[in-house]
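Chains as they are written, first to last, in my numbering: chain A, 123 to 475; chain B, 152 to 450. For each residue, glycine too, the CB sits at the ideal point set by N, CA and C. For reference, the structure is listed below as structure tokens.
This is the structure:
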């Protein structure tokens, strides 16, 4: 187990800077998820930690060792790739043992570790197969096996589940979480799937355009997003955003009414409200009227799209047994305490009632 | 009711007639295609058949008799041809084998090294070196023949196999390098990266990952290298002077004498024998190519 510290880490390709000075502390034994839209630099950051990508500026430390100039193999880490990157010409057993034999580990130790990994991941009967004879989920298991046989102090995952179908992804997610609980090793996990991020992470780091937007527990990120980007990125379905104007009296939401909350500032603000906080035909500190344009039935719940009089659209969540249909006129009520406020720059502002 | 069944029957009839017509047309075009292909392949293979026939004829019949079938089978052409020259063909075949095996080894090893560097490693001036390498493809061998001869003469290598073999170990054939670069480039880079994390040096990545996955490219290079070296006439002609050093193509030339009587029968017999190794080599490595293609299904 080791901590990982990034300080002022930058990455530039010729003159194009893609990572703009990132400071991040990953504690020993933590499951940190790097999440962000595609092209935000999360994979690049992971590859810099792995030693597959040169660090333009700043330092990366694993434990208390600066590893900037250390080759990947000496950083004592394992990485699971999106495409699994299993060696196609080697059997599963050889795939697992390859890294260990490169370390000149004694044969019986290699055998013990490979057997252990096979037992943990239940791939014992696949050992003599070649990767092309495996299904996606089995390949994934072998790739994870190849990572754990090294007993590294740090695991890196680069979107490992994105090639699997939905059902298998959920299953592997649970297994990965179980593996983490069992090994307790520090893990850094890159994904663009926020469900993976929310369910597995000890802490999540949200990246956007090469900048770190916020680091926190899933709970913190969901309930206290530091800015508009995090607010709209975390949470599915997405947070509703309404334009408003703050003054000493409250927040004026255009024609929709005035919310009796007092953010410390005045001027244009964005009001965010999560779909589950919008009560359909329920009272609240503020209720707005609108017409249903679409109802999505998911079994346990309904997503109801409501067009407001001023043209804005809101998404509300209702229990699965609720009866709504397109064309209905509804009122959406919400509490001022559930609303998030962001200033003109998109930064969070705390409001008092 | 009858009105509704009538058109249905007619449609079925039309469809049936159409299908029959189409099948007939397909058959006719297949026959034509085959006739064309058989004729063309006869034209292609005729010289070989002629040579085989000539290798079994007595000398006076080879150019006089137009028929392919020999009036009598002169199998002695083979045994005589083998020992017709001052040096036996055992030596020539051995010489050719040495030169060819070493050339194939040299080409495959050195060209794949160079290709790996171009495809995977970063070094300064890479694009310029690549362009230079590609430019050598455009220079005909005959242009560099004389400067090369002088170079090897100064090195004291003339009259030895060194000028024929050593350049092959120096990644001299841009065609093979290019062929392998293209192949290496389509192997996923994540394999290299996984190997890097697994503790492989660049050489180990080449040796343990890239090389085994590139068998089709290696086999292709080996086949071409084998054929071109085995049948090379000009190189041995320029650098080899002593008959006991001759390779097979050079030895075949010795059957044709400018002053006395040429022994055509034995020459054609030896020519037939000289193409057997190429055939054998091709058959063996062709299997490898097919296996290699089946293996490259990565995902």
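If you draw a 10 Å sphere on the C-beta of residue 383(B), you find 16 or more other C-beta atoms in it, and that means buried. For residue 325(A), the enclosing beta strand (DSSP E) begins and ends at 325 to 330. Beta-bridge partners of residue 349(A) (DSSP): 469(A).
Membership of residue 148(A) in the beta strand (DSSP E) is indicated by the continuous run 138 to 148. Residue 163(A) is positioned such that its CB atom lies no closer than 8 Å to that of residue 386(A). The beta carbon of residue 393(B) is closer than 6 Å to none in its chain, skipping five residues each way along the sequence.
A straight-line Cα-Cα distance of about 44 Å links residue 241(A) and residue 440(A). Within the model, the alpha-carbon separation for residue 436(A) versus residue 378(A) is close to 12 Å.
For residue 462(A), the enclosing beta strand (DSSP E) begins and ends at 462 to 464.
When CB distances to chain B are screened at a threshold of 7 Å, the residues of the segment 202 to 213 of chain A falling below it are 203, 205, 207, 209, 210 and 211, in chain order. Our two residues, residue 292(A) and residue 258(A), have alpha carbons roughly 14 Å apart in a direct line.
Segment contact: the segment 386 to 404 of chain B against the segment 369 to 378 of chain B, fewer than three CB-CB distances shorter than 8 Å; contact not assigned. As for any beta strand (DSSP E) of minimum length 3 sitting wholly inside the segment 249 to 333 of chain B, there is none.
Residue 350(B) reaches chain A at 195, 221, 224 and 225, counting residues in chain order whose Cβ is nearer than 7 Å.
Excluding its 5 nearest sequence neighbours in each direction, residue 172(A) has C-beta neighbours in its own chain below 6 Å: 194, 201 and 278, listed in chain order. Residue pairing from DSSP leaves residue 270(A) without any beta-bridge partner.
Boundaries of the alpha helix (DSSP H) harbouring residue 321(A): 316 to 322, taken from the DSSP string. For residue 172(A), the closest Cβ of chain B is nearer than 8 Å.
Residue 250(A) carries a coil assignment under DSSP once its states are collapsed to helix, strand and coil. Per DSSP, reduced to three states, the secondary structure at residue 245(A) is coil, with no helix or strand assignment. Bounds of the beta strand (DSSP E) holding residue 419(A) are 408 to 419. Under the DSSP definition of a beta bridge, residue 423(A) partners with 441(A). Closer than 8 Å to the CB of residue 364(B) there is at least one CB belonging to chain A.
The contact set of residue 342(B) on chain A, defined by CB atoms closer than 7 Å, consists of 207 and 209 in chain order. Chain-ordered listing is empty here: chain A has no CB closer than 9 Å to the CB of residue 209(B), the nearest sitting near 55 Å. Excluding its 5 nearest sequence neighbours in each direction, residue 451(A) has C-beta neighbours in its own chain below 6 Å: 413, listed in chain order. Taking a 10 Å sphere around the C-beta of residue 266(A), we find 16 or more other C-beta atoms and assign the residue as buried.
DSSP, reduced to helix, strand and coil, places residue 347(B) within a helical segment of the structure shown.
Taking 8 Å as the threshold, the shortest C-beta distance from residue 347(B) to chain A falls below it. A straight line joining the alpha-carbon of residue 326(A) with that of residue 263(A) spans about 24 Å. For residue 380(B), the number of other beta carbons within 10 angstroms of its own is at least 16, and it is reported as buried.
Here residue 208(B) is not near residue 257(B), since their CB atoms are 8 Å or more apart. Looking at the DSSP output, residue 217(A) sits in no beta bridge, so it has no partner there. A Cβ-Cβ distance of about 20 Å is found for the pair residue 287(A) and residue 312(A), leaving them out of contact under the 8 Å criterion. Within the segment 126 to 157 of chain A, no residue has a Cβ lying closer than 8 Å to any Cβ of chain B. A Cβ of chain B is located within less than 8 Å of the beta carbon of residue 200(A).
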